[in-house]
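Below, the structure written as structure tokens:
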């Protein structure tokens, strides 16, 4: 693609951003007015003791909630478009020479024993890595660095990499979309702590505990209902709630062993799901190691793990932590569900995440094809299956 193509994409993206900002201001105005209207209707309903203002208040509240949801979706769309513009700007920088200012130079992968990494500008300042890399994850960056280092590989492996790179090479806007989504992932992000935990999983809670965490909360809620109806003293349910809180506090450290690996992964796992879902819609068939059937298999389990992470993050709010444990033994239920997830899917998570790491490396290598219309993919000759073999003729300078 030519520079003018990316400049046109940038103008379109900037126009979209301005439109989203205008809509966001409109949402803010509508939310403010509807909230004020809600307060007025509640006050009138209280003052007049009439059901009609109350009904109007309920309708306004429903509209207010609708505005909140719509504003949230618009905010997500705005963030995506801002990230998309940043990706397009990176492509333009590769034309103008500003790519030399990219912060990620791959210096953390330099090997003192491989001086050619610097001599050939493979890694480090003004390097091929700095020019090509679009990866955000630590594993994606490491994979790209390993593929740029000139170690000999067999023909089959090289063909797999060619298939992946060629696939993204012909899909510029789809590649930009994936890069924009991936910018929600923190730079050098890794789930290694979670993977290490899954490989060395702790023993399951006993069957007695798994039964108790259902029996106690149900008993407490039944006693609470009976107390509210003045059938029994309220103190009976309060005692059960105190016992539940005591059990949770005593087991706080033990449960933390299972729950801690889930911290701060909720948004990242949602992003991985978005990336895999987008890739699935792009992939008509298997290309290299990118298999749509594996992506389809991964989507639901990773999504459910993201929800578990959101439940685990409740621990950061001490009020909710104490309240939910007193009411439902929250920590025990999170541990039970997480262990159930591990048993069913834990051994597959690393393979599923590798799908995106492979895509990051392949998209990075396809950047040359995106900005150089004359770039070609060498065709490997089939005369030797173990050693890659190509023949070049009619060569010219770059």
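Numbering (the numbering used here), first residue to last: 4 to 401.
Cβ coordinates follow ideal geometry from the N, Cα and C atoms, glycine included.
_Residue range of the unbroken alpha helix (DSSP H) whose run includes residue 336_ = The sequence position of residue 336 within the chain shown is 333, counting from 1. Segment 333 to 348, the alpha helix (DSSP H) holding residue 336.
*What is the rounded straight-line gap between the Cα of residue 352 and the Cα of residue 380?*
To locate residue 352, count along the chain shown from 1; it is residue 349. To locate residue 380, count along the chain shown from 1; it is residue 377. Each residue's alpha carbon lies about 32 Å from the other.
_If you reduce the DSSP assignment to three classes, tell me which class residue 268 lands in._
For the purposes of this step, residue 268 is identified with residue 265 of the chain shown, where counting begins at 1. In this structure, residue 268 counts as coil in the three-state DSSP scheme.
*residue 289: which of 201, 51, 168 sits nearest, CA to CA?*
As a working mapping, residue 289 is identified with position 286 in the chain shown. The shortest Cα separation from residue 289 among 201, 51, 168 belongs to 168.
*Taking just the CA atoms, how far does residue 135 sit from residue 107?*
Numbered from its first residue, the chain shown carries residue 107 at position 104. Numbered from its first residue, the chain shown carries residue 135 at position 132. In a straight line, the C-alpha of residue 107 is about 10 Å away from that of residue 135.
*From 186, 259, 348, 52, pick the residue whose C-alpha is nearest to that of residue 338; which is it?*
As a first step, residue 338 must be located in the chain shown, where it is residue number 335. Nearest to residue 338 by alpha-carbon distance, out of 186, 259, 348, 52, is 259.
*May I have the straight-line CA-CA distance separating residue 50 from residue 60, to the nearest angstrom?*
In the chain shown, counting from the first residue as 1, residue 50 sits at position 47. In the chain shown, counting from the first residue as 1, residue 60 sits at position 57. So the alpha carbons of these two residues sit roughly 13 Å apart.
*For residue 6, does the three-state DSSP call read helix, strand or coil?*
Counted from its first residue, the chain shown places residue 6 at position 3. Looking at residue 6 - three-state DSSP - the assignment turns out to be helix.
*Which whole-angstrom value describes the C-beta separation of residue 390 and residue 384, a residue pair presumed to lie in contact below a C-beta threshold of 8 Å?*
On the chain shown, residue 390 is found 387 positions in, with the first residue counted as 1. On the chain shown, residue 384 is found 381 positions in, with the first residue counted as 1. Incorrect: roughly 10 Å between the Cβ atoms, too far for contact.
*Own chain residues within Cβ distance below 8 Å of residue 38, not counting five before or after*: For this step, residue 38 is matched to residue 35 along the chain shown. Cβ neighbours of residue 38 beyond the five flanking positions: 67.
*Among 293, 372, 326, nearest to residue 246 - alpha-carbon criterion*: Here residue 246 is taken as the residue at index 243 of the chain shown, counted from 1. Ranking 293, 372, 326 by Cα distance to residue 246 puts 326 first.
*Under the three-state reduction of DSSP, which class applies to residue 62: helix, strand or coil?*
Reading the chain shown from its first residue, position 59 is the one you call residue 62. Three-state DSSP puts residue 62 in a helix.
*Thinking C-alpha only, which one of 42, 76, 79 is nearest residue 62?*
For the purposes of this step, residue 62 is taken as the residue at position 59 of the chain shown. Minimum Cα distance to residue 62 is reached at 42.
*Measure the Cβ-Cβ separation of residue 367 and residue 172 and say whether it is below 9 Å.*
Taking the chain shown and counting its residues from 1, one reaches residue 367 at position 364. Taking the chain shown and counting its residues from 1, one reaches residue 172 at position 169. Against a cut-off of 9 Å, the Cβ pair of residue 172 and residue 367 comes out as no contact.
*Bridge partners of residue 140, per DSSP?*
Stepping through the chain shown from its first residue, residue 140 is reached at position 137. 192, per the DSSP bridge assignment.
_Reduced DSSP category for residue 290 - H, G, I as helix; E, B as strand; rest coil_ = Within the chain shown, numbered from 1, the residue matching residue 290 stands at position 287. Secondary structure of residue 290 (DSSP, three-state): strand.
*Answer yes or no: do residue 89 and residue 183 have a C-beta to C-beta separation smaller than 9 Å?*
Here residue 89 refers to the residue found at position 86 when the chain shown is read from its first residue. Here residue 183 refers to the residue found at position 180 when the chain shown is read from its first residue. Closer than 9 Å, so yes.
*Please work out which residues of its chain come closer than 8 Å, Cβ to Cβ, to residue 197, disregarding the five sequence neighbours upstream and downstream, and give them in chain order.*
By 1-based counting over the chain shown, the position of residue 197 is 194. Closer than 8 Å at Cβ, skipping near neighbours: 264, 265, 268, 352.
*Go ahead and pull the three-state DSSP assignment for residue 109.*
Counting from one through the chain shown, the residue named residue 109 turns up at place 106. DSSP, read as helix, strand or coil, puts residue 109 in coil.
*Buried or exposed: where does residue 11 fall if 16 or more other Cβ atoms within 10 Å of its Cβ makes it buried?*
Taking the first residue of the chain shown as 1, we reach residue 11 at position 8. Exposed, by the Cβ-count rule.
_Assuming residue 157 is part of the alpha helix (DSSP H), what are its boundary residues?_
By 1-based counting over the chain shown, the position of residue 157 is 154. Looking at the DSSP string, residue 157 is not in any alpha helix (DSSP H), and its letter there is neither H nor E.
*asked:* Can you find the residues in the same chain that come closer than 7 Å, C-beta to C-beta, to residue 223, ignoring five residues on each side of it along the sequence?
replied: Sequence index remark: in the chain shown, residue 223 carries index 220 (1-based). Answer for residue 223: 240, 243, 244, 247, listed in chain order.
*Report the rounded CA-to-CA distance for residue 77 versus residue 190, giving the unit in angstroms.*
Within the chain shown, numbered from 1, the residue matching residue 77 stands at position 74. Within the chain shown, numbered from 1, the residue matching residue 190 stands at position 187. Using only the alpha carbons, I get a separation of about 24 Å.
*Where are the beta strand (DSSP E) runs, 3 residues long or more, that stay fully inside the stretch 229 to 263, in chain order?*
none
*By how many angstroms is the C-alpha of residue 32 removed from the C-alpha of residue 340?*
Within the chain shown, the letter at position 337 stands for residue 340. Within the chain shown, the letter at position 29 stands for residue 32. Cα-Cα distance, rounded: 42 Å.
*With 16 as the cutoff for other CB atoms within 10 Å, does residue 54 come out buried or exposed?*
Position 51 of the chain shown, counted from the start, is the residue given in the question as residue 54. So residue 54 counts as exposed.
*Continuous alpha helix (DSSP H) stretch holding residue 299: start and end*: The residue you call residue 299 lines up with position 296 of the chain shown. For residue 299, the uninterrupted alpha helix (DSSP H) segment begins and ends at 295 to 315.
*How many angstroms separate the CA atom of residue 336 from the CA atom of residue 348?*
Locating residue 336 in the chain shown gives position 333, where the first residue counts as 1. Locating residue 348 in the chain shown gives position 345, where the first residue counts as 1. The alpha-carbon atoms of residue 336 and residue 348 are separated by roughly 18 Å.
*Should residue 211 be labelled buried (16 or more other beta-carbon atoms within 10 Å of its own) or exposed?*
Taking the chain shown and counting its residues from 1, one reaches residue 211 at position 208. Its Cβ having fewer than 16 others within 10 Å, residue 211 is exposed.
*Put residue 380 into one of helix, strand or coil per three-state DSSP.*
Residue 380 sits at position 377 when you count from the first residue of the chain shown. In the structure shown, residue 380 sits in coil (DSSP, three-state: anything other than H, G, I, E or B).
*Enumerate in chain order the residues of its own chain whose CB-to-CB distance from residue 355 is below 6 Å, with the five nearest sequence positions on each side excluded.*
Sequence index remark: in the chain shown, residue 355 carries index 352 (1-based). 301, listed in sequence order.
_Alpha carbons only, please: which of 318, 58, 86, 23 is nearest the one belonging to residue 188?_
Residue 188 sits at position 185 when you count from the first residue of the chain shown. Among 318, 58, 86, 23, the Cα nearest to that of residue 188 belongs to 86.
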